[in-house]
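**Q**
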């Protein structure tokens with residue numbers, strides 16, 4: 001009788017626990033920028049810092065060998081590799097959050113928009129991401145702003161930018177957008193036009209649906225950033241087609257007003273945070289990390305109620 005009572009108690013306890021709403025700590029991944037790798041001190045320490053502060057497990061997801069791959073493998077292929085990586089990580093199977101750094105943000109958005117059958121992404125924090133593209137080589141990378149050699153180098157790059165050779169062998173060419181050469185950009189650039197749903201007769205509703213399924217989109221701009229040109233690209237701001245002025249804010253662009261990827265939809269729902277912090281490119285103070293990044297990695301939501309187990313597509317809130 002005693003054994004039977006114990007067995008009954010166990011059954012009741014198991015049944016009770018099965019009814020309890022179990023919260024899980026959602027993991028996050030970090031995607032580093034160009035000419036970098038997960039094991040360097042900067043990225044390893046930053047991933048660990050976010051884990052320590054948020055209490056959520058974090059993983060820096062490497063693509064290829066890191067440095068060389070980030071420089072020379074087209075972003076389309078980088079996004080495909082990242083997609084396969086996350087699908088194989090059992091820790092992410094119930095969904096995850098993303099922190100992107102610089103160029104890594106374009107891979108992050110590829111994960112969100114293009115990754116068929118991947119686990120759902122809940123919160124996405126973008127640190128200095130060139131979302132609307134870059135219009136020129138940052139002067140800080142090749143000399144002073146007035147340096148003739150820097151200007152000449154920029155002209156040479158622009159002259160061959162949309163050639164198949166450059167597009168296939170230089171990762172940044174996938175998000176280099178020359179305002180006065182939009183026709184060639186839309187026809188020959190192999191990544192950003194697709195990512196931003198810019199090609200009129202090729203707009204993909206699935207990409208938009210996946211992007212608007214995010215619970216929060218945090219866009220962090222660094223006020224003294226001299227790498228992202230123009231800096232407002234981190235907020236989806238850019239120049240009008242055909243001109244290098246004026247610089248349009250995000251909500252003045254056609255991408256926003258015509259809602260090509262769902263940025264306006266997310267913003268209207270209060271899910272977009274346009275954050276501006278002091279500092280140069282990716283130079284983020286700890287207090288800003290605590291204020292603007294950590295809260296979105298502490299999402300204690302039941303993953304089982306947030307996505308369709310068969311299709312892996314996020315459920316609408």
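Residue numbers (UniProt numbering): 1 to 317.
Backbone N, C-alpha and C define an ideal beta-carbon position, used for all residues, glycine too.
This structure is a prediction, so every number in the text was calculated from the model and none was measured.
Would you mind working out which of 273, 75, 244 and 211 sits nearest residue 259, comparing C-alpha positions?
**A** The candidate whose alpha carbon is nearest that of residue 259 is 211.
**Q** To which residues does DSSP link residue 29 through a beta bridge?
**A** Answer is 59 and 98, bridged to residue 29.
**Q** Among the candidates 172, 251 and 209, whose CA atom is the shortest distance from the CA of residue 238?
**A** If we check each option's Cα against that of residue 238, 251 comes out closest.
**Q** With three or more C-beta pairs closer than 8 Å as the rule, is the stretch 109 to 119 touching the stretch 76 to 91?
**A** Result yes; three or more Cβ-Cβ pairs closer than 8 Å.
**Q** In whole angstroms, what separates the C-alpha of residue 289 from that of residue 174?
**A** Each residue's alpha carbon lies about 29 Å from the other.
**Q** Please classify residue 272: does DSSP put it in a helix, a strand, or coil?
**A** Strand, per DSSP.
**Q** Please state whether the Cβ-Cβ distance between residue 224 and residue 159 is less than 8 Å.
**A** Not in contact: residue 224 and residue 159 (Cβ atoms no closer than 8 Å).
**Q** Quick check: the Cα distance between residue 161 and residue 167, rounded to an integer number of angstroms?
**A** Cα to Cα, the separation comes out at about 7 Å.
**Q** Per DSSP, which residues does residue 126 bridge with? Please list them.
**A** In DSSP, residue 126 forms a bridge with 100 and 219.
**Q** Could you check what DSSP says for residue 73 in three-state terms: helix, strand or coil?
**A** Coil at residue 73, not helix or strand.
**Q** Out of 75, 49, 38 and 98, which one is the CA nearest neighbour of residue 27?
**A** Checked all of 75, 49, 38 and 98; the closest Cα to residue 27 is 98.
**Q** Can you give the beta carbon distance from residue 350 to residue 191, rounded, assuming they're within the 8 Å contact cut?
**A** An answer regarding residue 350 cannot be provided, because it is not within the stretch 1 to 317 covered by the chain.
**Q** Does the distance from the C-beta atom of residue 34 to that of residue 59 stay below 8 Å?
**A** No. Outside cutoff.
**Q** Note down, in chain order, each residue of its chain lying with its Cβ closer than 8 Å to the Cβ of residue 131, except the 5 sequence neighbours on either side.
**A** For residue 131, where only same-chain residues beyond five positions count, the Cβ hits under 8 Å are 105, 106, 109, 196, 219, 233, 234, 235 and 236.
**Q** Runs of 3 residues minimum, wholly inside the stretch 234 to 274: which ones carry the beta strand (DSSP E) assignment?
**A** Listed in chain order, there is nothing to give.
**Q** What are the residues that DSSP puts in a beta bridge with residue 176?
**A** In the DSSP output, where bridge partners are listed per residue, residue 176 has 134.
**Q** Starting from the C-beta of residue 203, find all residues in its chain whose C-beta is less than 7 Å away, skip the five residues before and the five after it, and write them out in chain order.
**A** 197 and 260.
**Q** To the nearest angstrom, report how far apart residue 249 and residue 240 are at their CA atoms.
**A** C-alpha separation (whole angstroms): 10 Å.
**Q** So what does DSSP say about residue 116, is it helix, strand or coil?
**A** Three-state result, residue 116: coil.
**Q** Hey, residue 222 and residue 297 are a contact pair by Cβ (cut 8 Å); roughly how many whole angstroms apart?
**A** Residue 222 to residue 297, Cβ: 20 Å. No contact.
**Q** I'd like to confirm the pairing. Which residues does DSSP put opposite residue 290 in its beta bridges?
**A** Paired residues: none, contrary to the question.
**Q** Less than 8 Å between the CB atoms is what I'm expecting for residue 38 and residue 66, so what's the real figure, rounded?
**A** Correct: roughly 6 Å between the Cβ atoms.
**Q** Tell me whether the beta-carbon of residue 171 lies closer than 8 Å to the beta-carbon of residue 73.
**A** Their beta carbons are under 8 Å apart, which means residue 171 touches residue 73 by this criterion.
**Q** Spatial neighbours of residue 208 within its chain, please: CB distance less than 6 Å, with the 5 preceding and 5 following residues excluded, ordered by chain position.
**A** Within the same chain, residue 208 has close Cβ partners 261 and 262.
**Q** Check whether the Cβ atoms of residue 82 and residue 228 lie closer than 8 Å to each other.
**A** Their beta carbons are not under 8 Å apart, which means residue 82 does not touch residue 228 by this criterion.
**Q** Could you tell me which residues DSSP puts in a beta bridge with residue 67?
**A** According to DSSP, residue 67 bridges with nothing at all.
**Q** Taking the C-alpha atoms as reference points, what is the distance between residue 247 and residue 230?
**A** Using only the alpha carbons, I get a separation of about 8 Å.
**Q** Do you know how far the Cα of residue 69 is from the Cα of residue 56?
**A** Distance between the alpha carbons of residue 56 and residue 69: 28 Å.
**Q** For residue 254, count neighbouring C-beta atoms within 10 Å of its own C-beta (all shown protein chains included) and say buried if the count is 16 or more, exposed if not.
**A** Exposed is the call here.
**Q** Sort 199, 215, 51 and 79 by Cα distance to residue 187 and report the nearest one.
**A** Ranking the options by Cα distance to residue 187, first place goes to 199.
**Q** Going by the beta-carbon positions, is the gap between residue 135 and residue 183 smaller than 8 Å?
**A** No. Outside cutoff.
**Q** Could you have a look at residue 11 and say whether DSSP puts it in helix, strand or coil?
**A** Note that residue 11 scores 42 on pLDDT, short of 50, meaning its location in the model is unreliable and no value can be drawn from it.
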